[in-house]
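In the working numbering, the protein residues as written are 1 to 392. Even glycine gets a Cβ: it sits at the ideal position worked out from N, Cα and C.
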(Lines of atoms letter the chains of each structure in order from A and count residues from 1; the text may use other names and numbers.)
(Lines give C-alpha, C1' and ligand atoms only; values in the text may rest on other atoms or scores of the structure.)
Protein backbone atom coordinates (compact mmCIF):
# COMPACT_ATOMS: atom_id res chain seq x y z
CA UNK A 1 0.00 0.00 0.00
CA UNK A 2 1.43 3.36 -1.04
CA UNK A 3 1.68 6.31 1.33
CA UNK A 4 -1.47 8.46 0.94
CA UNK A 5 -1.27 12.20 0.41
CA UNK A 6 -2.14 14.21 3.50
CA UNK A 7 -4.36 17.30 3.45
CA UNK A 8 -2.54 19.96 1.47
CA UNK A 9 -1.98 23.27 3.27
CA UNK A 10 -2.08 25.26 0.01
CA UNK A 11 -3.48 24.53 -3.45
CA UNK A 12 -1.11 23.33 -6.12
CA UNK A 13 -1.33 26.70 -7.88
CA UNK A 14 0.20 28.42 -4.84
CA UNK A 15 3.27 26.18 -4.89
CA UNK A 16 3.66 26.56 -8.66
CA UNK A 17 3.49 30.35 -8.24
CA UNK A 18 6.33 30.22 -5.73
CA UNK A 19 8.39 27.92 -7.94
CA UNK A 20 7.86 30.25 -10.89
CA UNK A 21 9.31 33.13 -8.90
CA UNK A 22 12.34 31.05 -7.95
CA UNK A 23 12.82 29.89 -11.52
CA UNK A 24 12.70 33.48 -12.76
CA UNK A 25 15.56 34.29 -10.37
CA UNK A 26 17.42 31.18 -11.53
CA UNK A 27 17.15 32.36 -15.14
CA UNK A 28 18.42 35.80 -14.16
CA UNK A 29 21.47 34.18 -12.57
CA UNK A 30 21.89 31.70 -15.46
CA UNK A 31 21.32 28.68 -13.26
CA UNK A 32 19.74 25.62 -14.81
CA UNK A 33 19.22 23.66 -11.61
CA UNK A 34 19.10 24.63 -7.94
CA UNK A 35 19.51 22.45 -4.86
CA UNK A 36 17.46 23.89 -2.00
CA UNK A 37 18.68 22.77 1.42
CA UNK A 38 17.25 25.34 3.85
CA UNK A 39 14.43 23.50 5.70
CA UNK A 40 12.27 26.64 5.65
CA UNK A 41 12.74 27.05 1.89
CA UNK A 42 11.89 23.39 1.34
CA UNK A 43 8.69 23.98 3.31
CA UNK A 44 7.93 27.06 1.22
CA UNK A 45 8.31 25.26 -2.09
CA UNK A 46 6.74 21.90 -1.20
CA UNK A 47 4.74 21.90 2.06
CA UNK A 48 7.22 19.59 3.81
CA UNK A 49 7.68 20.21 7.56
CA UNK A 50 9.09 16.91 8.83
CA UNK A 51 12.28 17.28 10.89
CA UNK A 52 14.68 15.37 8.67
CA UNK A 53 17.27 18.06 8.01
CA UNK A 54 19.70 16.50 10.48
CA UNK A 55 21.14 14.53 7.54
CA UNK A 56 21.73 15.63 3.93
CA UNK A 57 18.56 16.42 2.03
CA UNK A 58 17.78 18.63 -0.93
CA UNK A 59 14.92 19.81 -3.10
CA UNK A 60 16.16 19.95 -6.68
CA UNK A 61 14.47 22.65 -8.77
CA UNK A 62 15.06 22.41 -12.50
CA UNK A 63 14.11 24.89 -15.23
CA UNK A 64 13.27 21.89 -17.40
CA UNK A 65 10.57 20.44 -15.11
CA UNK A 66 7.44 21.83 -13.49
CA UNK A 67 7.80 19.99 -10.20
CA UNK A 68 10.97 19.64 -8.11
CA UNK A 69 12.56 16.38 -6.97
CA UNK A 70 13.31 15.72 -3.32
CA UNK A 71 16.23 13.69 -1.95
CA UNK A 72 16.10 12.53 1.64
CA UNK A 73 17.09 9.62 3.84
CA UNK A 74 15.11 6.53 2.86
CA UNK A 75 13.25 6.36 6.18
CA UNK A 76 12.05 9.95 5.73
CA UNK A 77 10.73 9.40 2.22
CA UNK A 78 7.18 8.42 3.31
CA UNK A 79 6.79 11.67 5.29
CA UNK A 80 7.74 13.64 2.19
CA UNK A 81 5.31 11.66 0.05
CA UNK A 82 2.59 12.39 2.61
CA UNK A 83 3.22 16.11 3.01
CA UNK A 84 4.59 17.38 -0.29
CA UNK A 85 2.39 18.53 -3.13
CA UNK A 86 4.69 16.91 -5.68
CA UNK A 87 4.16 13.51 -7.25
CA UNK A 88 5.35 10.78 -4.89
CA UNK A 89 7.60 9.41 -7.62
CA UNK A 90 9.69 12.55 -7.26
CA UNK A 91 10.62 11.68 -3.69
CA UNK A 92 13.88 9.74 -3.73
CA UNK A 93 15.04 8.07 -0.54
CA UNK A 94 18.76 7.45 -0.70
CA UNK A 95 20.10 4.23 0.89
CA UNK A 96 21.15 3.84 4.50
CA UNK A 97 24.74 3.07 3.57
CA UNK A 98 25.17 6.80 2.87
CA UNK A 99 24.46 7.59 6.54
CA UNK A 100 27.58 7.97 8.75
CA UNK A 101 29.68 7.02 5.76
CA UNK A 102 33.12 8.70 5.93
CA UNK A 103 33.48 8.88 2.16
CA UNK A 104 29.99 9.52 0.76
CA UNK A 105 26.66 10.99 1.83
CA UNK A 106 23.23 11.87 0.50
CA UNK A 107 24.57 14.71 -1.62
CA UNK A 108 26.44 12.13 -3.70
CA UNK A 109 23.03 10.75 -4.66
CA UNK A 110 21.98 14.26 -5.72
CA UNK A 111 25.13 14.70 -7.81
CA UNK A 112 24.56 11.33 -9.52
CA UNK A 113 21.01 12.48 -10.33
CA UNK A 114 22.27 15.76 -11.82
CA UNK A 115 24.70 13.87 -14.04
CA UNK A 116 21.91 11.54 -15.20
CA UNK A 117 19.65 14.52 -15.98
CA UNK A 118 22.28 16.26 -18.11
CA UNK A 119 23.27 19.07 -15.76
CA UNK A 120 26.97 18.18 -15.64
CA UNK A 121 27.90 21.27 -17.66
CA UNK A 122 25.25 23.77 -16.59
CA UNK A 123 24.91 26.37 -13.88
CA UNK A 124 24.23 24.64 -10.56
CA UNK A 125 22.97 26.69 -7.65
CA UNK A 126 23.55 25.86 -3.98
CA UNK A 127 22.41 27.52 -0.78
CA UNK A 128 25.97 27.55 0.48
CA UNK A 129 25.06 28.88 3.92
CA UNK A 130 23.07 25.72 4.63
CA UNK A 131 25.66 23.15 3.61
CA UNK A 132 29.24 22.60 4.69
CA UNK A 133 32.27 23.90 2.82
CA UNK A 134 33.13 20.26 2.15
CA UNK A 135 29.78 19.77 0.43
CA UNK A 136 30.33 22.81 -1.81
CA UNK A 137 33.76 21.46 -2.69
CA UNK A 138 32.24 18.03 -3.42
CA UNK A 139 29.91 19.54 -6.01
CA UNK A 140 32.79 21.37 -7.64
CA UNK A 141 35.02 18.31 -7.66
CA UNK A 142 32.42 15.82 -8.89
CA UNK A 143 30.94 18.30 -11.42
CA UNK A 144 34.11 19.93 -12.81
CA UNK A 145 32.41 21.20 -15.96
CA UNK A 146 29.51 22.80 -14.08
CA UNK A 147 29.43 26.41 -12.88
CA UNK A 148 28.64 25.91 -9.19
CA UNK A 149 27.37 29.16 -7.66
CA UNK A 150 25.92 30.29 -4.35
CA UNK A 151 22.23 31.19 -4.64
CA UNK A 152 22.56 32.99 -1.32
CA UNK A 153 19.34 34.17 0.31
CA UNK A 154 17.51 34.35 -3.02
CA UNK A 155 14.53 32.26 -1.91
CA UNK A 156 14.38 33.95 1.49
CA UNK A 157 13.89 37.32 -0.20
CA UNK A 158 11.19 35.88 -2.47
CA UNK A 159 9.44 34.58 0.65
CA UNK A 160 9.47 38.07 2.14
CA UNK A 161 6.22 39.15 0.50
CA UNK A 162 3.49 36.77 1.64
CA UNK A 163 0.43 35.71 -0.28
CA UNK A 164 -3.01 36.22 1.27
CA UNK A 165 -3.07 32.46 1.96
CA UNK A 166 0.13 32.75 3.98
CA UNK A 167 -1.17 35.77 5.87
CA UNK A 168 -4.27 33.78 6.84
CA UNK A 169 -2.07 31.08 8.43
CA UNK A 170 -0.08 33.70 10.33
CA UNK A 171 -3.30 35.14 11.75
CA UNK A 172 -4.29 31.66 12.91
CA UNK A 173 -0.87 31.21 14.49
CA UNK A 174 -1.25 34.56 16.25
CA UNK A 175 -4.57 33.50 17.76
CA UNK A 176 -2.80 30.48 19.24
CA UNK A 177 -0.04 32.69 20.63
CA UNK A 178 -2.72 34.83 22.28
CA UNK A 179 -4.24 31.71 23.82
CA UNK A 180 -0.89 30.68 25.26
CA UNK A 181 -0.33 34.12 26.74
CA UNK A 182 -3.81 34.19 28.28
CA UNK A 183 -3.18 30.77 29.81
CA UNK A 184 -0.04 32.19 31.37
CA UNK A 185 -2.15 34.74 33.22
CA UNK A 186 -4.13 31.87 34.74
CA UNK A 187 -1.31 29.57 35.83
CA UNK A 188 1.43 31.92 37.02
CA UNK A 189 1.10 32.52 40.76
CA UNK A 190 3.24 32.28 43.90
CA UNK A 191 4.27 28.71 44.70
CA UNK A 192 3.60 27.37 41.19
CA UNK A 193 6.55 25.63 39.57
CA UNK A 194 7.89 27.27 36.43
CA UNK A 195 7.85 23.84 34.77
CA UNK A 196 4.15 23.32 35.54
CA UNK A 197 3.27 26.76 34.19
CA UNK A 198 5.33 26.09 31.07
CA UNK A 199 3.52 22.79 30.51
CA UNK A 200 0.12 24.50 30.72
CA UNK A 201 1.14 27.36 28.44
CA UNK A 202 2.65 25.00 25.87
CA UNK A 203 -0.49 22.85 25.97
CA UNK A 204 -2.59 25.92 25.20
CA UNK A 205 -0.31 26.83 22.31
CA UNK A 206 -0.55 23.34 20.84
CA UNK A 207 -4.32 22.99 21.32
CA UNK A 208 -4.86 26.34 19.65
CA UNK A 209 -8.22 27.97 19.09
CA UNK A 210 -11.02 27.94 16.52
CA UNK A 211 -10.22 24.34 15.58
CA UNK A 212 -6.75 25.35 14.33
CA UNK A 213 -4.09 23.71 16.57
CA UNK A 214 -0.46 24.69 16.41
CA UNK A 215 1.44 22.15 14.33
CA UNK A 216 4.81 22.72 15.99
CA UNK A 217 6.39 24.38 19.01
CA UNK A 218 8.81 27.21 18.43
CA UNK A 219 10.77 29.71 20.49
CA UNK A 220 9.28 29.28 23.95
CA UNK A 221 11.14 31.34 26.59
CA UNK A 222 10.10 31.87 30.19
CA UNK A 223 12.59 34.12 32.00
CA UNK A 224 11.49 34.72 35.59
CA UNK A 225 13.05 36.40 38.64
CA UNK A 226 15.89 36.27 39.44
CA UNK A 227 16.63 35.57 35.75
CA UNK A 228 14.42 38.26 34.20
CA UNK A 229 17.46 39.98 32.67
CA UNK A 230 18.14 36.89 30.52
CA UNK A 231 16.94 36.64 26.94
CA UNK A 232 16.69 32.99 25.94
CA UNK A 233 16.06 30.75 28.94
CA UNK A 234 13.28 28.14 28.84
CA UNK A 235 12.18 27.52 32.43
CA UNK A 236 13.88 26.40 35.62
CA UNK A 237 13.18 24.06 38.53
CA UNK A 238 12.28 27.10 40.63
CA UNK A 239 8.85 28.40 41.69
CA UNK A 240 7.24 31.80 41.24
CA UNK A 241 7.09 34.08 44.27
CA UNK A 242 5.36 37.24 45.37
CA UNK A 243 7.14 40.05 43.50
CA UNK A 244 8.41 37.76 40.72
CA UNK A 245 8.74 39.29 37.26
CA UNK A 246 8.19 36.96 34.29
CA UNK A 247 9.22 37.77 30.73
CA UNK A 248 7.41 35.41 28.36
CA UNK A 249 8.02 34.84 24.67
CA UNK A 250 5.77 32.42 22.77
CA UNK A 251 4.90 31.58 19.20
CA UNK A 252 1.90 30.02 17.54
CA UNK A 253 2.81 27.84 14.55
CA UNK A 254 0.56 26.79 11.68
CA UNK A 255 2.23 24.47 9.14
CA UNK A 256 5.56 26.20 9.62
CA UNK A 257 4.18 29.75 9.69
CA UNK A 258 4.97 31.48 12.97
CA UNK A 259 3.51 34.45 14.80
CA UNK A 260 5.59 35.53 17.80
CA UNK A 261 4.44 37.40 20.90
CA UNK A 262 6.15 38.76 24.04
CA UNK A 263 4.64 40.18 27.23
CA UNK A 264 5.90 40.95 30.75
CA UNK A 265 4.15 39.80 33.94
CA UNK A 266 4.52 40.89 37.55
CA UNK A 267 3.14 39.02 40.54
CA UNK A 268 1.99 41.93 42.63
CA UNK A 269 2.79 45.57 42.00
CA UNK A 270 5.73 46.11 39.60
CA UNK A 271 8.60 48.36 40.56
CA UNK A 272 8.49 52.01 39.52
CA UNK A 273 11.46 51.42 37.23
CA UNK A 274 9.77 48.50 35.47
CA UNK A 275 6.61 50.57 35.08
CA UNK A 276 8.61 53.41 33.51
CA UNK A 277 10.33 51.02 31.10
CA UNK A 278 6.95 49.61 30.12
CA UNK A 279 5.47 53.03 29.44
CA UNK A 280 8.46 54.02 27.32
CA UNK A 281 8.44 50.78 25.37
CA UNK A 282 4.73 50.93 24.60
CA UNK A 283 5.10 54.52 23.43
CA UNK A 284 8.02 53.47 21.26
CA UNK A 285 6.13 50.47 19.89
CA UNK A 286 3.23 52.67 18.85
CA UNK A 287 5.59 55.22 17.31
CA UNK A 288 7.30 52.45 15.34
CA UNK A 289 4.03 51.07 14.01
CA UNK A 290 2.89 54.57 13.04
CA UNK A 291 5.68 54.93 10.47
CA UNK A 292 5.05 51.54 8.84
CA UNK A 293 3.77 51.99 5.30
CA UNK A 294 4.78 50.95 1.80
CA UNK A 295 7.80 52.93 0.70
CA UNK A 296 9.23 53.44 4.18
CA UNK A 297 12.36 51.51 5.04
CA UNK A 298 13.13 49.17 7.93
CA UNK A 299 15.47 51.69 9.46
CA UNK A 300 12.62 54.21 9.78
CA UNK A 301 10.74 51.82 12.07
CA UNK A 302 13.73 51.35 14.36
CA UNK A 303 14.55 55.06 14.41
CA UNK A 304 11.01 55.95 15.51
CA UNK A 305 11.16 53.46 18.36
CA UNK A 306 14.63 54.44 19.49
CA UNK A 307 13.90 58.16 19.49
CA UNK A 308 10.73 57.71 21.51
CA UNK A 309 12.29 55.34 24.04
CA UNK A 310 15.18 57.77 24.53
CA UNK A 311 12.70 60.49 25.52
CA UNK A 312 11.62 58.19 28.35
CA UNK A 313 15.18 57.84 29.60
CA UNK A 314 16.05 54.39 28.21
CA UNK A 315 17.75 52.89 25.20
CA UNK A 316 17.72 49.52 23.45
CA UNK A 317 21.05 48.20 22.18
CA UNK A 318 19.73 45.28 20.12
CA UNK A 319 17.75 45.54 16.90
CA UNK A 320 14.02 46.19 17.03
CA UNK A 321 12.91 43.18 15.02
CA UNK A 322 13.22 41.10 11.91
CA UNK A 323 11.30 39.47 9.09
CA UNK A 324 9.23 36.48 10.21
CA UNK A 325 7.16 33.86 8.43
CA UNK A 326 8.20 30.24 8.01
CA UNK A 327 10.23 29.61 11.14
CA UNK A 328 10.87 32.31 13.71
CA UNK A 329 13.32 34.43 11.74
CA UNK A 330 13.71 35.03 8.03
CA UNK A 331 17.38 35.95 7.47
CA UNK A 332 16.71 39.01 5.34
CA UNK A 333 15.45 42.39 6.56
CA UNK A 334 16.08 43.72 10.07
CA UNK A 335 14.25 46.46 11.91
CA UNK A 336 17.40 48.34 12.79
CA UNK A 337 18.70 51.78 11.96
CA UNK A 338 20.59 51.75 8.70
CA UNK A 339 18.63 48.89 7.10
CA UNK A 340 17.37 50.34 3.81
CA UNK A 341 15.02 47.47 2.93
CA UNK A 342 11.87 49.04 1.49
CA UNK A 343 8.61 47.97 3.10
CA UNK A 344 6.04 46.44 0.76
CA UNK A 345 2.49 45.18 1.32
CA UNK A 346 2.30 41.72 2.92
CA UNK A 347 5.80 41.79 4.30
CA UNK A 348 5.65 40.45 7.86
CA UNK A 349 7.85 41.33 10.83
CA UNK A 350 8.28 40.57 14.50
CA UNK A 351 8.61 43.99 16.15
CA UNK A 352 10.67 42.51 18.98
CA UNK A 353 11.23 45.10 21.68
CA UNK A 354 12.78 42.91 24.34
CA UNK A 355 15.22 45.11 26.22
CA UNK A 356 17.91 43.69 28.48
CA UNK A 357 19.07 46.89 30.13
CA UNK A 358 21.48 45.46 32.69
CA UNK A 359 22.02 42.31 34.71
CA UNK A 360 19.07 42.92 37.00
CA UNK A 361 16.60 44.57 34.62
CA UNK A 362 15.00 43.10 31.53
CA UNK A 363 11.62 43.70 29.90
CA UNK A 364 9.78 42.31 26.88
CA UNK A 365 6.93 43.30 24.62
CA UNK A 366 6.41 42.58 20.94
CA UNK A 367 3.96 42.44 18.07
CA UNK A 368 3.99 40.43 14.86
CA UNK A 369 2.62 42.60 12.06
CA UNK A 370 2.17 42.80 8.33
CA UNK A 371 2.63 45.80 6.11
CA UNK A 372 -0.71 46.81 4.59
CA UNK A 373 -1.46 49.18 1.71
CA UNK A 374 -1.69 52.05 4.18
CA UNK A 375 0.09 51.03 7.39
CA UNK A 376 0.46 48.05 9.72
CA UNK A 377 -1.84 45.25 10.86
CA UNK A 378 -0.82 43.63 14.15
CA UNK A 379 -1.91 40.01 14.44
CA UNK A 380 -2.28 39.75 18.23
CA UNK A 381 -5.51 40.88 19.84
CA UNK A 382 -4.01 41.21 23.34
CA UNK A 383 -3.67 44.57 25.08
CA UNK A 384 -0.18 46.04 25.41
CA UNK A 385 -0.22 45.80 29.16
CA UNK A 386 2.29 45.05 31.84
CA UNK A 387 0.24 42.19 33.24
CA UNK A 388 -0.06 42.62 37.01
CA UNK A 389 -1.11 39.30 38.56
CA UNK A 390 -2.86 39.10 41.92
CA UNK A 391 -0.98 36.98 44.47
CA UNK A 392 -2.89 33.95 45.73
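The alpha-carbon separation between residue 289 and residue 272 amounts to approximately 26 Å. Across the set 264, 63, 234, 114, the C-alpha of 264 shows the shortest separation from the C-alpha of residue 185. Secondary structure at residue 235: coil, using DSSP grouped into helix, strand and coil. By the Cβ criterion, the segment 240-251 is not in contact with the segment 283-299, since fewer than three pairs of Cβ atoms, one from each stretch, lie closer than 8 Å. Residue 59 carries a strand assignment under DSSP once its states are collapsed to helix, strand and coil. The segment 129-144 and the segment 74-91 do not touch, with fewer than three beta-carbon pairs separated by less than 8 Å. Counting C-beta pairs with one atom in each stretch, the segment 195-207 and the segment 291-302 have fewer than three that are closer than 8 Å, which means they do not touch. For residue 349, the enclosing beta strand (DSSP E) covers residues 348-352.
DSSP places residue 48 outside both helix and strand once states are collapsed to three, so it counts as coil.
Counting only the Cα atoms, residue 170 lies some 14 Å from residue 372. In the DSSP assignment, residue 257 falls within the beta strand (DSSP E) that extends over 257-267. Within the model, the alpha-carbon separation for residue 358 versus residue 229 is close to 7 Å.
Following the DSSP letters along the chain, one finds residue 366 inside the beta strand (DSSP E) bounded by residues 366-371. Between the alpha carbons of residue 216 and residue 173 lies a gap of roughly 10 Å. Using a 10 angstroms sphere on the CB of residue 76, the tally of other CB atoms reaches 16 or more, which defines it as buried. Residue burial is scored here from C-beta neighbours: residue 307 has fewer than 16 other C-beta atoms within 10 angstroms and is therefore classed as exposed. The beta carbons of residue 61 and residue 5 sit no closer together than 9 Å. Comparing alpha carbon positions, the residue from 198, 25, 191, 34 closest to residue 117 is 34. Our two residues, residue 91 and residue 303, have alpha carbons roughly 47 Å apart in a direct line.
Contact between the segment 45-62 and the segment 330-348 is absent: fewer than three C-beta pairs spanning the two stretches fall below 8 Å. Approximately 16 Å separates the beta-carbon atoms of residue 257 and residue 180; this is outside 8 Å, ruling out the contact. Residue 15 carries a helical assignment under DSSP once its states are collapsed to helix, strand and coil. With fewer than 16 other beta carbons inside 10 angstroms of its own, residue 269 counts as exposed. Residue 298 carries a helical assignment under DSSP once its states are collapsed to helix, strand and coil.
Here residue 157 has 332 as same chain residues with Cβ atoms under 7 Å from its own Cβ, once five neighbours each way along the sequence are excluded. Following the DSSP letters along the chain, one finds residue 157 inside the alpha helix (DSSP H) bounded by residues 154-159.
Scanning the segment 296-336 for uninterrupted alpha helix (DSSP H) segments of 4 residues or longer gives 298-311, listed from N- to C-terminal end. For residue 360, the CB contacts under 7 Å within the same chain, skipping 5 residues up- and downstream, are 229 in chain order. 240 is the residue among 82, 240, 313, 231 whose C-alpha sits nearest the C-alpha of residue 192. About 6 Å separates the CB atoms of residue 261 and residue 250; that is less than 8 Å, so the two are in contact. Within the segment 191-233, complete alpha helix (DSSP H) segments of at least 4 residues are found at 194-207, given in chain order. Between the C-alpha atoms of residue 322 and residue 202 there is a straight-line separation of about 24 Å. Approximately 13 Å separates the beta-carbon atoms of residue 113 and residue 146; this is outside 8 Å, ruling out the contact.
DSSP, read as helix, strand or coil, puts residue 120 in coil. Distance between residue 65 and residue 377, taken at the CA atoms: about 38 Å.
By the neighbour-count definition (other C-beta atoms within 10 Å, threshold 16), residue 194 is a buried residue.
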